[in-house]
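Visitor: Position one of the sequence shown corresponds to residue -10 (my numbering), numbered consecutively onward. Note that CB positions come from ideal geometry on N, CA and C, so glycine has one too. Small disclaimer: the values here were computed from a predicted structure and weren't measured.
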Amino acid sequence: MKVVIAHGIDLCEPYLDNRVALEAEAIMEAGHEITVVCWARTVSGEIIDRAEEEVVSGVNVRRVFSPASTPDKPLPKRIFEHLLAKQRISKIIKDLDPDIVHFNDLDTAVIALFWSNGPVWVYDAREYYAGMISHLPWPLPDLANFLEKWVVRKADGVITVSPVIMRRLASYGASNRILIYNSREPDRFVASEKSGELRRQWGVKPDELVVIYIGSLGPGRSIIEMIDAVDNMDRISFIVGGHGVWARKIKETAAKSGKTRFVGPIPSGDLPDYYGAADIVLGALDPNYPNHQLAMPNKLFESISAGRPLVAARGTLVGDVIEKEGIGEVTDYGYRDKLIQALRKLRNPEIRRKYGDRGLELAKGEYGWRWQAQKLQALYRSIAKA
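1) May I ask which residues mark the beginning and end of the alpha helix (DSSP H) holding Ala10?
2) Run the CB neighbour count on Asp262, radius 10 Å, all protein chains shown included, and call it buried at 16 or more, exposed below.
3) Among the residues of its own chain, which have a CB less than 6 Å from the CB of Lys240, if the five just before and after it don't count?
4) Between Val234 and the rest of its own chain, which residues show a CB-CB distance below 6 Å, the 5 nearest in sequence each way excluded?
5) So what does DSSP say about Arg336, is it helix, strand or coil?
6) Secondary structure at Ala266, three-state DSSP: helix, strand or coil?
7) Under the criterion of a Cβ to heavy atom distance below 7 Å, does Ala218 qualify as lining the ligand NAD?
8) Do the stretch 142 to 153 and the stretch 110 to 126 meet, that is, are 3 or more Cβ pairs less than 8 Å apart?
9) Measuring alpha carbon to alpha carbon, tell me which residue in Ile89, Trp127, Ser79, Gly231 is nearest Trp104.
10) Apart from the five residues on each side of it in sequence, which residues of its chain come closer than 7 Å, Cβ to Cβ, to Met285?
11) In whole angstroms, what separates the C-alpha of Val(-7) from that of Glu2?
12) Alpha carbon to alpha carbon, how far is Asp321 from Asp346?
13) Out of Ser58, Glu35, Lys83, which one is the CA nearest neighbour of Arg51?
14) Hey, out of Glu137, Asp94, Pro63, whose CA is closest to Leu125's CA?
15) What does DSSP give as the partner residues of Glu42 in its beta bridges?
16) Ignore the nearest five residues each way along the sequence and tell me which others in Thr31's own chain have a CB closer than 8 Å to its CB.
17) Got a sec? Which residues, its chain only, sit under 7 Å from Ser181 by beta carbon, not counting five neighbours each side?
18) Who are the Cβ neighbours of Ala244 in its own chain at under 8 Å, not counting the five residues just before and after it?
19) Mapping DSSP to helix, strand and coil, what is Leu132?
20) Compute the distance between the beta-carbons of Val25 and Val48, then report whether it is under 8 Å.
21) Compare the C-alpha of Gln282 against each of Ile81, Val153, Leu260 and name the closest.
22) What would DSSP say about Glu35, mapped onto helix, strand or coil?
23) Please check the pair Arg224 and Asp196, which I expect to be a contact at CB under 8 Å, by giving their CB distance rounded to whole angstroms.
24) Is the separation between the beta-carbon of Asp275 and that of Ala302 shorter than 8 Å?
25) Inspect the CB distances between the stretch 290 to 299 and the stretch 360 to 368 and report whether three or more fall short of 8 Å.
26) Would you check if the distance between the CB atom of Val99 and the CB atom of Lys138 is smaller than 8 Å?
27) By Cβ distance below 8 Å, which residues in the same chain neighbour Asp255 in space, the five residues on each side in sequence not counted?
28) Between Ala15, Glu214, Gly272, Asn287, which lies nearest to Tyr324 when the distance is taken from Cα to Cα?
29) Between Ile216 and Thr242, which are expected to be in contact by the criterion C-beta below 8 Å, what is the C-beta distance as a whole number of angstroms?
30) On the criterion of 16 or more Cβ atoms from any shown chain inside 10 Å, does Ile316 qualify as buried, or is it exposed?
31) In the structure shown, what three-state DSSP assignment does Trp360 receive?
32) Going by C-alpha to C-alpha distance, which of Leu73, Asn287, Arg370 sits closest to Arg210?
33) Between the Cα of Gly120 and the Cα atoms of Tyr278, Ile311, Arg336, which residue gives the shortest distance?
34) If you follow the alpha helix (DSSP H) that Thr149 is in, where does it begin and where does it stop?
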């Protein structure tokens, strides 16, 4: 079968979207042909300058070049740009004439609501979308909730990343649904000699702890608080990488710190070496953000695949998982002293090893990508038979 994955940001910039790449690989392994149709922009709204068509890791990529704005631009302008881009994505999908369309997130899935007759389609809810945009003015969050209820009732299959989000979607009437985590495969998430080279580049002493955060740079992620925490501790460094609306702010704050280094966007293929160079992973989300309460973030799966303990926030789903499974430390969000307390406990190598070993055990079992791929392939088989 011909499958199109619709994606609201670029597949490859500033680095390859790991979940889309793994899903595409699993679908191809099941014998299907894949094309990713994506809007050529970053999550922060910068336009991407790459080929309109290319092949990435065996996946055909079609880019939609449509105006995009950064979050500081007027909201009506950005809404209009989103509508225009989705119209263009829809046209390309129809021209490709696929058997199945796999929509990533609500912002692309709404396209299917305007098809009078179209192909079979799957909704992949990677976020609690209304919660993610809860900071935007009314009626946008309420509109997102309304549209998502409509989407899950019409979709031929529903995928999500968190059991709590799954319960929400089930309450909307989602029937053919499946939970697929943002997992990694530990056999592929293996550090090389470059990890030691990175520590030397960062000027890390042998007895020094390294905390790492690589991901979306924005509010509610404890990045500023961690910079403050390590500045008030001995024998510890903080490495921050990624991209997002706070990239400039994080870079400037890190430059004023004596113990934080900003490394910018990191390609997904380099993540194992960066995690291998670290001792602790930061993943403490602000529970006041509705989406953060329900998220099972990449940090969780990256940290357990690397055998590293995770620091998370109380009042979040990931915090509950960490406490239940014994794979890291949970702290109250927003308090420097609480972060310092967690880091002091994690100075003990035996504690870090215990958490890391348990994480690897989970990553090779129920939280591993191998099992997630099998679930995805089973969903596609059920849709094909129907």
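Guide: The answer reads as follows:
1) Residues 7 to 18.
2) With 16 or more Cβ atoms within 10 Å of its Cβ, Asp262 is classed as buried.
3) So the list reads Phe251, once near-sequence residues are dropped.
4) The residues are Ser33, Pro60, Gly207.
5) Arg336: coil per DSSP, three-state reduction.
6) Ala266: coil per DSSP, three-state reduction.
7) This structure lacks the ligand NAD, and indeed carries no ligand of any kind.
8) Enough Cβ pairs lie closer than 8 Å, so yes.
9) Taking only the C-alpha atoms, the option nearest Trp104 is Ser79.
10) Here the set comprises Val150, Ser151, Tyr170, Asn171, Leu306, Val307.
11) About 19 Å.
12) In a straight line, the C-alpha of Asp321 is about 25 Å away from that of Asp346.
13) Across the set Ser58, Glu35, Lys83, the C-alpha of Lys83 shows the shortest separation from the C-alpha of Arg51.
14) Ranked by how close their Cα comes to the Cα of Leu125, the residues Glu137, Asp94, Pro63 have Pro63 in first place.
15) Residue pairing for Glu42: DSSP places it in a beta bridge opposite Arg51.
16) For Thr31, same chain residues with a beta-carbon under 8 Å away, outside a window of 5 residues either side, are Ile(-2), Asp(-1), Glu2, Pro3, Ile37, His232 in chain order.
17) Cβ neighbours of Ser181 beyond the five flanking positions: Asp262.
18) Only residues of its own chain outside the window of five on either side were considered, and among them Phe251 have a CB closer than 8 Å to the CB of Ala244, listed in chain order.
19) The answer is helix: DSSP assigns Leu132 an H, G or I state.
20) Their beta carbons are under 8 Å apart, which means Val25 touches Val48 by this criterion.
21) Here the closest residue by C-alpha is Val153.
22) Residue state, collapsed to three classes: coil.
23) With a Cβ gap of about 6 Å, Arg224 and Asp196 count as contacting.
24) Taking a C-beta distance under 8 Å as the contact criterion, Asp275 and Ala302 qualify as a contact pair.
25) Flag = no, the stretch 290 to 299 and the stretch 360 to 368 do not touch.
26) Result no, Cβ atoms of Val99 and Lys138 do not sit closer than 8 Å.
27) Note that residue 255 is Ile in the sequence shown here, rather than Asp. Excluding residues within five positions, the ones whose Cβ falls inside 8 Å are Tyr4, Ile203, Gly230, Gly231, Tyr263.
28) Minimum Cα-Cα distance from Tyr324 among the listed residues Ala15, Glu214, Gly272, Asn287 corresponds to Glu214.
29) With a Cβ gap of about 6 Å, Ile216 and Thr242 count as contacting.
30) That one is buried.
31) Reduced to three states, the DSSP call for Trp360 is helix.
32) Nearest option by C-alpha distance: Asn287.
33) Answer by Cα proximity: Tyr278.
34) Here Thr149 belongs to no alpha helix (DSSP H); instead the beta strand (DSSP E) covers 146 to 149.
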